[in-house]
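In my numbering, the protein residues as written are 62 to 482.
Note that CB positions come from ideal geometry on N, CA and C, so glycine has one too.
Bear in mind that the values here come from a model prediction, so they are computed numbers and not experimental data.
As structure tokens, then:
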């Protein structure tokens with residue numbers, strides 16, 4: 062009997078240490094709903110009709126209209142059922158399709174949902190800040206399409222390369238609404254915006270590279286010494302160390318080219334522009350490095366630095382980061398791989414750093430790691446079977462609909478028949 066009493070006493074004592082289940086706490090089921098990137102209006106309505114516990118917060122406090130169900134493919138979703146975008150949950154979105162299919166329009170809709178309060182489209186109590194990266198190698202599209210959000214009353218700031226400032230400033234000024242809501246500034250870095258890690262990427266130094274040139278090994282060692290000195294990094298000291306090594310003419314020509322390019326993006330005083338990388342909730346900053354003198358690899362290096370600085374200075378409400386026409390710069394280069402790795406890290410930590418990532422691309426060349434991590438995939442019209450082959454295994458929502466060859470063909474035909482624009 063004594064043993065049984067001891068058991069009951071210990072059982073009661075141990076169970077008292079466990080918190081009683083609180084209906085206001087985040088259970089697994091409620092957390093799944095809370096973090097769902099897309100929900101139907103029916104789901105939201107059902108949740109609101111359920112009796113909430115006292116002092117509990119709504120599961121979906123910020124959802125905005127994104128679209129509606131047209132072709133019913135899933136049980137439980139009626140035709141013309143509104144589909145809502147959950148702004149409150151950090152998520153990642155992959156947009157794909159051919160040119161003119163509507164990717165940039167969808168990107169703008171998602172950005173508007175995150176940035177602008179408008180009761181017609183749903184509730185947005187706390188807007189986030191927006192950042193879009195844009196680059197056009199052939200200069201065919203002079204301005205980023207997302208800049209048109211200034212016509213909706215969103216404050217837009219465009220950061221451009223100093224060498225193409227005059228042309229881009231004129232182009233952006235011609236956008237409707239620009240006079241009131243858009244400004245163009247030069248992207249100028251200061252020494253405080255750089256560190257040893259960022260300099261390694263700017264100088265195209267890679268720890269994994271084989272057959273590293275001698276000058277690169279020497280300057281890598283100098284960067285290590287600068288890091289160990291614990292002094293703030295300065296480009297001037299880096300240049301002094303390079304000169305002191307006495308490289309022969311032509312021996313470090315690539316390094317000199319990188320340094321010259323970096324200095325073209327540096328403030329003359331080498332001080333950071335105050336507030337350049339600080340973003341305000343409800344505003345959009347576009348980093349447009351379209352420039353005949355800047356190649357895709359350099360663009361990725363600079364985008365990588367800007368991404369880190371924007372995340373470092375993000376507002377408490379969070380960030381939404383957009384990559385428009387990502388295929389133009391996310392290629393197979395070392396710089397693109399480094400930028401991709403930064404994006405992958407950002408997506409993996411999106412709930413911790415309150416960041417949403419939206420990637421729009423015309424070609425299936427971006428990393429599969431990015432595709433696999435995206436929580437939403439929005440497919441627009443395209444005609445290429447190779448495109449479909451490249452992405453079909455990454456479309457989780459469509460996997461149940463393409464279990465056979467015939468179903469796969471039907472899915473591809475549906476994509477081909479999608480309207481454009």
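(1) Would residue 233 and residue 350 be called neighbours here (beta carbons separated by less than 8 Å)?
(2) Which same chain residues end up closer than 8 Å to residue 236 when comparing Cβ atoms and leaving out the 5 residues on each side of it in sequence?
(3) At what residues does the alpha helix (DSSP H) containing residue 219 begin and finish?
(4) Excluding the five sequence neighbours on either side, which residues of its own chain have a C-beta within less than 6 Å of the C-beta of residue 312, listed in chain order?
(5) Give me the residue from 171, 145, 191 with the minimum Cα distance to residue 100.
(6) Should residue 379 be labelled buried (16 or more other beta-carbon atoms within 10 Å of its own) or exposed?
(7) With DSSP as the reference, label residue 197 as helix, strand or coil.
(8) Give the range of the beta strand (DSSP E) segment to which residue 417 is assigned.
(9) Should residue 188 be labelled buried (16 or more other beta-carbon atoms within 10 Å of its own) or exposed?
(10) Where does residue 498 fall in DSSP's three states?
(11) For residue 240, is the classification buried or exposed, using 16 other Cβ atoms within 10 angstroms of its Cβ as the cut-off for buried?
(12) Taking only three categories from DSSP, how would you classify residue 157?
(13) Can you check which of these residues, 249, 246, 281, 251, is closest to residue 262 by C-alpha distance?
(14) State the Cα-Cα distance for the pair residue 247 and residue 444, rounded to the nearest angstrom.
(15) With a threshold of 8 Å on Cβ separation, who are the neighbours of residue 401 within its own chain once the five nearest residues in sequence on each side are excluded?
(16) Over the uninterrupted alpha helix (DSSP H) stretch that includes residue 233, give me the two end residues.
(17) Who are the Cβ neighbours of residue 352 in its own chain at under 7 Å, not counting the five residues just before and after it?
(18) Report yes if the CB atom of residue 126 is closer than 8 Å to the CB atom of residue 383, and no otherwise.
(19) List the endpoints of the continuous beta strand (DSSP E) containing residue 146.
On the basis of the supplied data:
(1) no
(2) 204, 208, 209, 211, 212, 243
(3) Taken as a continuous stretch (DSSP letters only), residue 219 belongs to no alpha helix (DSSP H), being part of the beta strand (DSSP E) at 216 to 221.
(4) 276
(5) 145
(6) buried
(7) coil
(8) 416 to 422
(9) buried
(10) One cannot answer for residue 498 here, as it falls past the ends of the chain, which runs 62 to 482.
(11) exposed
(12) strand
(13) 281
(14) 39 Å
(15) 391, 427, 428, 430, 431
(16) 226 to 234
(17) 222, 224, 225
(18) no
(19) 143 to 147
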